[in-house]
Each structure stands twice: as C-alpha cells, then as structure tokens.
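One structure is given here, and the rest of the page talks about it.
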Amino acid sequence: MAAKTTRTLPILLLSLLLLASGGASTPIDTFLFGGCSQLKYTPGSPYESSLNSLLTSLVNSAPFSLYNNFTSQSLPPYSSSAAPTLYGLYQCRGDLTPPDCRSCVARAVTQLATLCPDATGGALQLDACFVRYDNASFLGVQDKSVVMKKCGASLGYGPGASARRDAVLDYVAGSGGGGAYYKAYRVGGSGDVYAVAQCVQDLSGSQCQDCVAEAVGLLKSNCAAAAWGDVFLGKCYARFSEGGAHSGSGGNKDEKGENNDDEIEKTLAILIGLIAGVALLIVFLSFIAKLCAKGKGGK
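Numbered according to mature numbering (1 follows the signal peptide of the UniProt record, and there is no 0), the sequence shown spans residues -24 to -1, 1 to 275.
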C-alpha cells in the first residue's frame, strides 16, 4: 500500500504545479471584440493553404517586431493572375515585450480560427494586440468606424478632475508628432488619471493623427463622467482610466500589474502549502503502513 501511495506523489505534484501555472491570468489575452466576413472558402482549398501560410507569417514575425503586414503568395493550381491575394497584419500594444507580443498574436490567431471558421476575412482585438486578414486590401486605408465603445460607472467628476482627464486625453491625441516620425503608440497621465492611444501602423502620420483625435473626441463626449472609457475605431483606439479602474488590463498598467502579481503570489503560496501538506500526509501514511506491517509480522 505504501509503495503504491508513494508512486502517486509525482502525478499529484505535477497536477498542482500545472494548476499553479495555468491558473495565473494573462490580461494581455483578454478578448475585446472580433468580426468575420460572410464569404466562406472551401476547406482544403488553396485559399486555406494561403491563409494558413499568411497567419503563420504573422505569428513568426511577432517576436521581432510589434507590427508587420504580409501579402500572400500565389499557390497552385491558380495562375499568378487568377490566384486569390490575401492581406494580413498584426499590431501589438507599444509597451509589450517581443515574447508577450508573439504570445498575444498566437492567441489571437487561434481564436480567429474558432471565431471565423472558413471565413475569407476576419479581425480580432485582444487587450494587447490586433490581428486582421482579408482577400480585399485594407492596408493603408483609413477606417474610423466605431467598432467598440464602452464606459465605466459614473464617478460624478468635479470641474477640476474633468479638466485633468481632458488634459491627459488631449495630450495623447496631440503627442503623435508628424511626418514619417509620428508615434503610433502614446501614453499620458496626471495624478491617478491614465490614458493610452494607438493607431495601426499601416496608416500615414496624418491618418493616424486624425483617427486618434476622433477616438479621443468620442471618449470625451460619451464617457464624460465615467471611471474609465474605451473607444476602438477600425484603425485606432483611445482608452482612459481613473484610479486604476478599468474593464480590462488597459487601465493603469503599473497599478493593475502590481495587483495581479500580488494575486499570483498569494495563489502560489497557497498551492505550495497544499503541496507540502500532501507530501507530509503521504510520508505519515507510509510510516503508519510500515508500523502496521511490522506489527503483523511480529504476531
């Protein structure tokens, strides 16, 4: 009995360790929105092969750059003139590390396959990255259509707090620079007000500036007294939070990051305690079993 019980220990420990690693939340992977084209392709067709190649290129590029776009190559049996052309891009939030960028893009591509099976086009926004593909070119095309607009609970801003929030939003709207050196990713803060904005980097500097200004304007008008607000347009977004309050991880990153680390540490401490307790229990039961075996042998 004791030997059998002891052999279960590595499996039990492995299960608990997997729980510890899998239970930690990954805010960068939080799903925000997605959409698919109505047109479908035939599974197993050259179109599917082109799409798989395109999406693989997006994931493989993510460890080296926070943004990239690709156009698919012709595949048999199509001639070069008849082959479907596919366009795709990804963009990660400007503060992501390359490993986190790749992780986010890979998760987005996986979710796209589930969300848009056999669709000729699709787009998906996670908290920290955006992926889109289609057989109609969208690269370099401005798109200010409202995709998602959300506001938090009302805080009842006083004049001073409202002015500070608007000043932070104005800063991120106007901090993009100009020409070829514009900033696609902008952050700003004052006191406990934090704001972030970003446009997809296939846009020109003027297009980016125009898109971000539109998103910021919608935040001001629609989330005037809210604790946080998100506005995502087709090619850009703007977000703000007051005191770290937010729907996802896009609020006060440092504050929420610290809170998340605290939760992870607490979870790990509990799991380590459980593992130690189970190990001690098994050792104790083994000891009792040996004593019982000796007692029976003596008799």
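Don't be surprised by glycine CBs; every beta carbon is placed ideally from N, CA and C. Source: prediction; values computed, not measured.
**Request:** Scan the segment 141 to 169 and note each continuous beta strand (DSSP E) run of 3 residues or more that stays entirely inside, going in chain order.
**Result:** 161 to 166
**Request:** Please determine, among Pro22, Gly167, Ser79, Val163, the residue with the shortest C-alpha to C-alpha distance to Tyr213.
**Result:** Working through the sequence shown from its first residue, we reach residue 213 at position 237. Tyr213 has its Cα closest to that of Val163, out of Pro22, Gly167, Ser79, Val163.
**Asked** First and last residue of the beta strand (DSSP E) that includes Lys196?
**Response** Reading the sequence shown from its first residue, position 220 is the one you call residue 196. Run containing Lys196: none in the beta strand (DSSP E); it sits in the alpha helix (DSSP H), 181 to 198.
**Request:** Assign Ala112 to buried or exposed, taking buried as 16 or more other Cβ atoms, counted over all protein chains shown, within 10 Å of its Cβ.
**Result:** Residue mapping note: residue 112 aligns to position 136 of the sequence shown, counting from 1. So Ala112 ends up on the exposed side.
**Request:** Pick out the complete alpha helix (DSSP H) segments inside the segment 14 to 82, 4 residues or longer, and give them in chain order.
**Result:** 22 to 37
**Asked** Taking C-alpha atoms, which residue in Lys159, Glu218, Gly97, Ala200 lies nearest to Val169?
**Response** Sequence index remark: in the sequence shown, residue 169 carries index 193 (1-based). Among Lys159, Glu218, Gly97, Ala200, the Cα nearest to that of Val169 belongs to Glu218.
**Other residues of its chain near Gly116: CB distance less than 6 angstroms, five sequence neighbours each side excluded** = In the sequence shown, the residue the question calls residue 116 occupies position 140. Excluding sequence neighbours, Gly116 sits near Asp178.
**Request:** Can you tell me the Cβ-Cβ gap for Ile4 and Leu145, rounded? I've got them flagged as a contact below 8 angstroms.
**Result:** Residue numbering aside, residue 4 sits at position 28 when the sequence shown is read from its first letter. Residue numbering aside, residue 145 sits at position 169 when the sequence shown is read from its first letter. At roughly 23 angstroms, the Cβ-Cβ gap does not stay under 8 angstroms, so Ile4 and Leu145 are not in contact.
**Start-to-end residues for the beta strand (DSSP E) that takes in Lys126** = As a first step, residue 126 must be located in the sequence shown, where it is residue number 150. Unbroken beta strand (DSSP E) run through Lys126: 122 to 127.
**Prompt:** Looking only at its own chain, which residues have a Cβ that is under 6 angstroms from the Cβ of Ser121, when we skip the five neighbours before and after it?
**Reply:** Taking the first residue of the sequence shown as position 1, residue 121 is located at position 145. Within its own chain, the residues whose Cβ lies closer than 6 angstroms to the Cβ of Ser121, once the five positions on either side in sequence are excluded, are Gly210, listed in chain order.
**Prompt:** Taking the Cβ atom as the reference point for each residue, do residue 277 and Gly128 lie within a distance shorter than 8 angstroms?
**Reply:** It is not possible to answer for residue 277, since the shown part of the chain is limited to -24 through 275.
**Asked** Is it buried or exposed for Asn28, if we count other Cβ within 10 angstroms and need 16 for buried?
**Response** In the sequence shown, the residue the question calls residue 28 occupies position 52. With fewer than 16 other Cβ atoms within 10 Å, it is exposed.
**Request:** Pull up the distance between the alpha-carbon of Gly165 and that of Ala99, whole angstroms please.
**Result:** Start at 1 with the first residue of the sequence shown, and residue 165 comes out as number 189. Start at 1 with the first residue of the sequence shown, and residue 99 comes out as number 123. Distance between the alpha carbons of Gly165 and Ala99 is about 30 angstroms.
**Prompt:** Buried or exposed: where does Ala84 fall if 16 or more other Cβ atoms within 10 Å of its Cβ makes it buried?
**Reply:** Against the sequence shown, residue 84 aligns to sequence position 108. Ala84 is buried by the Cβ-count criterion.
**Request:** Just mark Ala139 as buried or exposed, buried being the case when its beta carbon has 16 or more other beta carbons within 10 Å.
**Result:** Counted from its first residue, the sequence shown places residue 139 at position 163. Exposed.
**Prompt:** Straight-line CA distance for Gly20 to Ser197?
**Reply:** For the purposes of this step, residue 20 is taken as the residue at position 44 of the sequence shown. For the purposes of this step, residue 197 is taken as the residue at position 221 of the sequence shown. When rounded, the distance between both Cα atoms is 48 angstroms.
**Request:** Provide the residue(s) that pair with Leu209 in DSSP beta bridges, ordered along the chain.
**Result:** Your numbering for residue 209 matches position 233 in the sequence shown. Looking at the DSSP assignment, Leu209 forms a beta bridge with Val122.
**Asked** Would DSSP call Leu102 helix, strand or coil?
**Response** Here residue 102 refers to the residue found at position 126 when the sequence shown is read from its first residue. Strand at Leu102.
**Prompt:** So, Phe9 versus Val123, is the Cβ gap smaller than 8 angstroms?
**Reply:** As a working mapping, residue 9 is identified with position 33 in the sequence shown. As a working mapping, residue 123 is identified with position 147 in the sequence shown. Their beta carbons are under 8 angstroms apart, which means Phe9 touches Val123 by this criterion.
**Message:** Suppose you measure from the CA of Asp94 to the CA of Leu42; what does that come to, to the nearest Å?
**Reply:** Here residue 94 refers to the residue found at position 118 of the sequence shown. Here residue 42 refers to the residue found at position 66 of the sequence shown. So the alpha carbons of these two residues sit roughly 27 angstroms apart.
**Prompt:** Considering only residues of the same chain and omitting the five flanking positions on each side of residue 276, which have a CB-CB separation below 6 angstroms?
**Reply:** Outside the displayed span of the chain (-24 to 275) sits residue 276, for which this structure offers no information.
**Request:** Classify Gly64 as buried or exposed, calling it buried when 16 or more other Cβ atoms lie within 10 Å of its own Cβ.
**Result:** Start at 1 with the first residue of the sequence shown, and residue 64 comes out as number 88. Looking at its Cβ environment, which holds 16 or more other Cβ atoms inside 10 Å, Gly64 is buried.
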